[in-house]
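Here is the structure we will look at, set down as structure tokens.
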């Protein structure tokens, strides 16, 4: 079975209190898991299913762990989660790592070395660690692959994104994050969405050099959707607009020290 979900129409018939299937290609599936959080900093948790392998991307805070776990269990028993991908170490992304390790001590933590050195401060230091810089390709038993693309200082020095080669989905962490109290799953008006991304990027991202450098790494890649950790999913109609946003963005040190340009 090969089916890439039409993100342009998906929001017409969805229940955001349930897991939402975003892509289904052969045995490879991608889900949005939530969470329900009525604040501008609403967090997105995603899960990749590939046969009997299940990876959660940015599992979120401890406060919402039970909610995420309940949604996972509508698809698969929680102890079947085989790995967590942590794009950086902030508590809204990574704090529940200790809860998932309680459920399955053998799962693998996929992240960068700079993130990994900070994770034991959540309370567990013994786990399987996969360094995305040592090997930037993760291969499922099926042969499908993930590519890890480093994104230094966006906003953490060890930040990175995840490119799902099968679906051409880019899990972007805090890049293209948006702060929105009128949240929707998919971006509806990109021009307006820019104002919501500005609320995050101008203060959190390091500089235009960092955003342009990352944008250059995406040249030549087919991207069907951008899935950030905060805000709405950006569909294929706005991918170039999203990349142009990073190329043009003035943020962080550009604004604090403009005289140094």
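In this note's numbering, the protein residues as written are 599 to 859.
We treat Cβ as the ideally placed atom computed from N, Cα and C, and that holds for glycine.
The structure displayed is predicted, hence computed values, not measured ones.
The ligand FAD and residue i: does the residue's C-beta get closer than 8 Å to at least one heavy atom of that ligand?
i           : result
residue 789 : In the structure on display, the ligand FAD does not appear, and there are no ligands present to speak of.
Between which residues of its own chain and residue i is the CB-CB distance below 7 Å, once the five residues before and five after are set aside?
i           : result
residue 840 : 774, 824, 832
residue 767 : 621, 628, 822, 823, 825
residue 808 : 750, 751, 752
Could you check whether residue j and residue i sit closer than 9 Å to each other, using their CB atoms as the reference points?
i           : j           : result
residue 819 : residue 761 : yes
residue 749 : residue 828 : no
residue 746 : residue 731 : yes
residue 803 : residue 744 : no
residue 849 : residue 805 : yes
residue 673 : residue 652 : yes
residue 826 : residue 714 : no
residue 662 : residue 710 : no
residue 686 : residue 769 : no
residue 923 : residue 759 : Outside the displayed range of the chain (599 to 859) lies residue 923, so it cannot be described from this structure.
Give every residue of the same chain whose Cβ lies closer than 6 Å to the Cβ of residue i, excluding the five residues on either side of it in the sequence, and list them in chain order.
i           : result
residue 692 : 684
residue 613 : none
residue 599 : Per-residue confidence for residue 599 stands at a pLDDT of 42, beneath the threshold of 50, marking its modelled position as unreliable; the derived number appears in the next sentence. Answer for residue 599: no residue qualifies.
residue 861 : The structure shown does not extend to residue 861, since the chain spans only 599 to 859, so no value can be given for it.
residue 858 : none
residue 677 : 701, 702
residue 845 : 810, 813
residue 631 : 617, 643, 645, 666, 669
If I follow the unbroken alpha helix (DSSP H) through residue i, where does it start and stop?
i           : result
residue 854 : 851 to 854
residue 795 : 788 to 802
residue 809 : 806 to 815
residue 714 : 711 to 714
Go ahead and pull the three-state DSSP assignment for residue i.
i           : result
residue 738 : coil
residue 693 : coil
residue 612 : coil
residue 837 : helix
residue 672 : coil
residue 649 : coil
residue 828 : strand
residue 667 : helix
residue 601 : With a pLDDT of only 46 at residue 601, under 50, the local geometry of the prediction cannot be trusted, and the value read off the model is given with reservation. DSSP places residue 601 in strand when its eight states are reduced to three.
residue 743 : strand
residue 719 : helix
residue 776 : coil
residue 857 : helix
residue 682 : strand
residue 662 : coil
residue 630 : strand
Within its chain, find whatever has a CB closer than 8 Å to the CB of residue i; leave out the 5 residues flanking it on each side and keep chain order.
i           : result
residue 639 : 690, 777, 828
Residue i and residue j look like a contact to me (Cβ under 8 Å); what is the Cβ gap, rounded to whole Å?
i           : j           : result
residue 798 : residue 836 : Incorrect: roughly 17 Å between the Cβ atoms, too far for contact.
residue 771 : residue 757 : 6 Å
residue 701 : residue 682 : Between residue 682 and residue 701 the Cβ distance is about 11 Å, and since that is not below 8 Å, they are no contact.
residue 667 : residue 647 : At roughly 16 Å, the Cβ-Cβ gap does not stay under 8 Å, so residue 667 and residue 647 are not in contact.
residue 726 : residue 704 : 7 Å
residue 633 : residue 658 : 6 Å
The beta strand (DSSP E) that contains residue i, what's its start and end?
i           : result
residue 759 : 758 to 762
residue 725 : Note, residue 725: premise wrong, no beta strand (DSSP E); not H, not E.
residue 770 : 767 to 771
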